[in-house]
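Q: Quick one: structure below, then a few questions.
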Amino acid sequence: MRTLKGLLLVRKVLRILICPILLVVAIGALCVAVAETWTTLSSAASCYDTPQECKADNAVGLVLGCTKYIGKRPNYYFMGRMQAAAELWKSGKVRCIIVSGDNREKYYNEPADMEESLVELGVPKEHIVRDHAGLCTYDSVYRAKHIFKADKLIIVSQPAHVSRAVTIANYLDIPAEGINAPLHPITISATMRAWVRERGARVSMIYDLLSNRQPTHMGDTIPLPN
-7 MRTLKGLLLV RKVLRILICP ILLVVAIGAL CVAVAETWTT LSSAASCYDT
43 PQECKADNAV GLVLGCTKYI GKRPNYYFMG RMQAAAELWK SGKVRCIIVS
93 GDNREKYYNE PADMEESLVE LGVPKEHIVR DHAGLCTYDS VYRAKHIFKA
143 DKLIIVSQPA HVSRAVTIAN YLDIPAEGIN APLHPITISA TMRAWVRERG
193 ARVSMIYDLL SNRQPTHMGD TIPLPN
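Residue numbers (our numbering): -7 to 218.
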């Protein structure tokens, strides 16, 4: 008898919870679908595989940061972005490059690592500008406009990421194109984690844009080299 009562109680609780759970799932799926559609429609015509396809000239390059190493192994995402950014510079499409990333910790400095790698790949140091407050993609793009006064951008990152960055730039009224950095082989599990993380980032993007969120750090204008 106690077992039967327990089962009836569980069924009753599940019946009460099922509607809110389904509602949350439906809202989540709708947000993901809206973010995906928005990103695709906003960026599809402005992202390219080579610098030569870009329409802009005398633009500002914006390289989005990531860690140089994963554990003790080189991060292929980092390597791909640096290769694409160096090719962008050599194409003559940009007058300078902003390397924007995270520097919240003393011994973790994405902009410094990016600058060092780009110099090794042939980009003149005097045409590289560090943005140490690019804590996320939204902050990097927002600061490129409001702190560095970039009038048009060519953004460098892997395809899914650069599409989101171009979408943000378009909404913030910054003329922008994107360069798809190479996607080096990574494990299936890493690919899945990156896919899930990107879906969440695109939903977060909607909040940032619609709320006109201010970046974590702003400050005085920083002039770019001519």
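Ideal Cβ positions, reconstructed from N, Cα and C, are used throughout, including at glycine.
Is there a Cβ from chain C that is less than 8 Å from the Cβ of L145?
A: The structure shown contains no chain C, having only a single protein chain.
Q: Please state the DSSP three-state secondary structure of G72.
A: helix
Q: Less than 8 Å separating the beta-carbons of Y40 and E190?
A: The answer is no: Cβ separation not under 8 Å.
Q: Is the region 173 to 183 touching the region 148 to 157 in the sense that three or more CB pairs, one from each, lie closer than 8 Å?
A: yes
Q: In chain order, which alpha helix (DSSP H) runs of at least 4 residues are fully inside the region 39 to 103?
A: 68 to 83
Q: To which residues does DSSP link A168 through a beta bridge?
A: Beta-bridge analysis with DSSP links A168 to L145.
Q: Can you tell me where the beta strand (DSSP E) with I120 in it begins and where it stops?
A: I120 to D123
Q: What are the boundary residues of the alpha helix (DSSP H) that V195 is part of?
A: I180 to S203
Q: Rounded to the nearest angstrom, what separates I13 and V24 at their Cα positions?
A: If you take the alpha carbons of I13 and V24, they lie about 17 Å apart.
Q: Less than 8 Å between the beta carbons of L216 and V121, yes or no?
A: yes
Q: Determine the DSSP secondary structure at P12, reduced to helix, strand or coil.
A: helix
Q: Could you tell me the alpha carbon to alpha carbon distance between T31 and V154, rounded to whole angstroms?
A: 10 Å
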